[in-house]
Amino acid sequence: MKATSEDQSLQGIAQLMVHENLLDKVKALEYQRIAQNNRQTLLQYLVSNHILESSRIALIIAKNFGVPLLDLDSIDPDIIPISLVNDKLIGRHCIIPLYTHGNHLYLATDDPSKQTALKEVQFHTGLHTNAIVVETDKLAKLIDKFLYEKENEGLASYGASDEGYEGIEINSGEEEPEENTLKQEDAPIVRFVNKIILEAIKKGVSDIHFEPFEKDYRIRYRLDGILTEVAMPPASLASRITSRIKVMSNLDISERRVPQDGRFKMRLSKSRAIDFRISTCPTVGGEKVVMRILDPSATKLGIESLGFNPVQKQHFLQTIEKPQGMILVTGPTGSGKTVTLYTALNLLNTQEVNISTAEDPVEIKLQGVNQVNINPKAGLTFSGTLRAFLRQDPDIIMVGEIRDLETAEISIKAAQTGHLVLSTLHTNSAAETLTRLSNMGVPTFNIASSVSLIIAQRLARRLCDQCKSIRDDLTPQSLVELGFSEKEAQSIQLYKAMGCHYCSNKGYRGRIGLFEVMPMSKEIGKVIMSGGNSFDILRQAQAEGLTTIYQAGLEKIKEGITTLEEVNRVTIE
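Take 10 as the starting number for the sequence shown in the working numbering and just add one per residue.
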């Protein structure tokens, strides 16, 4: 039976198997269906399950299609011109370029009926393509070999070499530090993951996202609050990269159906160690991994680096010097609340005071401060830890977050009985923080008598000083509409982001805080006690001179520190 035009498909191969009495029609249809469900060709299924011998199938196919037959074992892999065809075509169509003769390219295939594959290769190479039949199992092994080598070459192109990784120790927290000695086949992956992590540390990245999709694999850095793609290694490496990170974090490699959380420590030198928090989540494309980098050396705790204006700075310093009361910092995740709290603790940390913190997790270790990692699974909660602190003769207490009424009530009681308490809440503004406490069930008289200061904040990206450019497309009238005074609108100089090699062509380098600092006054206390809402509180605070977050952003625009686009991005709800 010679192959006809109707046979030029996978169905044609099935018909050929039936015609040659290798399979009956029922079995052929069943095997074809199973192969499709397994994302295999019929030939791959038949050979891998030992239903038919690969050599016998190849001989019959070559004879029926009138195509030469070749034993791949007779070919030296080193002389195969693999670079003529890209790896996506090789993997998708299961073909290998064998050799060229003039303007003809000869391709190894187990199925010469795949005319689409031949035409696609011809289009990409500009060469006339000719099929040569080879055995299915030998072809699969050769393709795997070449694609594996290309994957490792691809990793090398991202800098996955041994250079610079000597002496790195990784500890999951439950074992002895792991040496950088691994199986030879895993070494490129280890070097690649190390490279991605070390580059992130060097750039000051806060999070690394490892994201698998159906056909692609993406790695992104969160730098200055924005995610940026940094690498797209082959999608076939996804499971190996994820497994490597799981090994580092002491997670279950075999469990891919449910989220997992882990951690590890990377020691770069005797004096520098960095903690990492790992979160995995199963997606339709595979397991996504997010790696949080907790690098103490990347965090500046000086008050000048926060971004307070002079009045806000004065309120902050005056309040933290008080022996009792509650300071609340509010804002969305990633707005810099923790750094603001740590800055306060750093200023207060002396030999004369006892400071205790309950955190989830401890992000920066402070010498002389008693820091506790909250572990709800083990029964170590914020409220339980707070009760323990109150029996430890504390002067200053920091609670990572007030999440429930019980924690709020204990914190307020501590603030009313001679302790300075610092904590965070997830609200959008200073005024909303007070109503949030009330909505949680805290009596308004307790709020008015215990809360001393509320700080709402956002982080805006700083303009790169090396490349920022003057912006002149806004009229004075439009500037007034944006919130500037008429006098400011006539003289203000705005800048825009451009991009250069100093800022990786982003136009921004680093971030600056935008703050809303609201001291608790008697008048604001009266508004709360009378049942006023957040708008009533805001109106009273503004009458007392409160600068809103948006107004703080306008100040930074006037100073040439950031842009209108950045302020709008982080302040518009």
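Don't be surprised by glycine CBs; every beta carbon is placed ideally from N, CA and C.
Quiz item: Taking the alpha carbon of V204 as the point to measure from, which residue in F222, I228, K224 has its own alpha carbon closest?
Solution: Before going on, a small fix: residue 204 reads as Lys here, not Val. When only C-alpha atoms are compared, the closest one is I228.
Self-check item: Per-residue burial, S487 [other beta carbons within 10 Å of its own, 16 or more giving buried]
Solution: exposed
Quiz item: Span of the beta strand (DSSP E) holding Y108?
Solution: 105-110
Quiz item: Taking Cβ to Cβ, would you say T623 is nearer than 9 Å to G340?
Solution: Since the first residue shown for the chain is 10 and the last is 582, residue 623 is missing from the structure and cannot be characterised.
Quiz item: Which class does H435 belong to by DSSP, given the choice of helix, strand or coil?
Solution: coil
Practice problem: Ignoring anything shorter than 3 residues or poking outside the region 54-136, list the beta strand (DSSP E) runs there in chain order. | Solution: Counting whole runs of 3 or more residues, the region 54-136 contains the beta strand (DSSP E) stretches 105-110, 113-118.
Quiz item: Around the Cβ of D270, are there at least 16 other Cβ atoms within 10 angstroms (buried) or fewer (exposed)?
Solution: exposed
Quiz item: Sorted by chain position, which residues of the same chain lie with C-beta nearer than 6 Å to L55's C-beta, five sequence neighbours on each side aside?
Solution: L61
Self-check item: Opposing strand residues paired with P385 [DSSP bridges]
Solution: Its beta-bridge partners do not exist; DSSP assigns none.
Quiz item: Mapping DSSP to helix, strand and coil, what is D225?
Solution: coil
Quiz prompt | Counted within 10 angstroms of its Cβ, other Cβ atoms place Q360 as buried (16 or more) or exposed | solution = A residue is called buried when at least 16 other Cβ atoms come within 10 angstroms of its Cβ; Q360 does not meet this threshold and is exposed.
Quiz item: Between G173 and T366, what straight-line distance do the alpha-carbon atoms span, to the nearest angstrom?
Solution: Caution applies to G173, whose pLDDT of 49 falls short of 50 and renders its modelled position unreliable; the value that the coordinates give is listed next. The alpha-carbon of G173 is positioned some 37 Å away from that of T366.
Quiz item: Going straight from the alpha carbon of P266 to that of G213, what length do you get?
Solution: With the sequence shown as reference, residue 266 is identified as Arg, and Pro is not the correct amino acid for it. Computed Cα separation, rounded: 32 Å.
Practice problem: Hey, could you find the ends of the alpha helix (DSSP H) L350 is sitting in? | Solution: 346-357
Self-check item: the region 253-264 touching the region 307-314, judged by at least three CB pairs closer than 8 Å
Solution: Output reads no: the region 307-314 does not touch the region 253-264.
Quiz item: Is A387 buried or exposed, if buried means 16 or more other CB atoms sit within 10 Å of its CB?
Solution: exposed
Quiz item: I think I88 touches L151, with their Cβ atoms under 8 Å apart; what is that distance to the nearest whole Å?
Solution: Actually they do not touch by this definition, with Cβ atoms about 13 Å apart.
Quiz item: Measuring CA to CA, which of L414, I302, T251 is closest to T289?
Solution: T251
Quiz item: According to the neighbour-count rule (16 or more other Cβ atoms, all chains shown, within 10 Å of its Cβ), is Q124 buried or exposed?
Solution: exposed
Exercise. Following the continuous beta strand (DSSP E) through Y504, name the residue where it begins and the one where it ends.
Key: 503-505
Self-check item: Coil, strand or helix - E574 by DSSP
Solution: E574 carries a helical assignment under DSSP once its states are collapsed to helix, strand and coil.
Quiz item: Are the Cβ atoms of H435 and T580 separated by less than 9 Å?
Solution: no
Practice problem: For I312, name the three-state secondary structure that DSSP assigns. | Solution: Taken through DSSP and simplified to helix, strand or coil, I312 comes out as helix.
Quiz item: In or out: A424 buried (at least 16 other Cβ within 10 Å) or exposed?
Solution: buried
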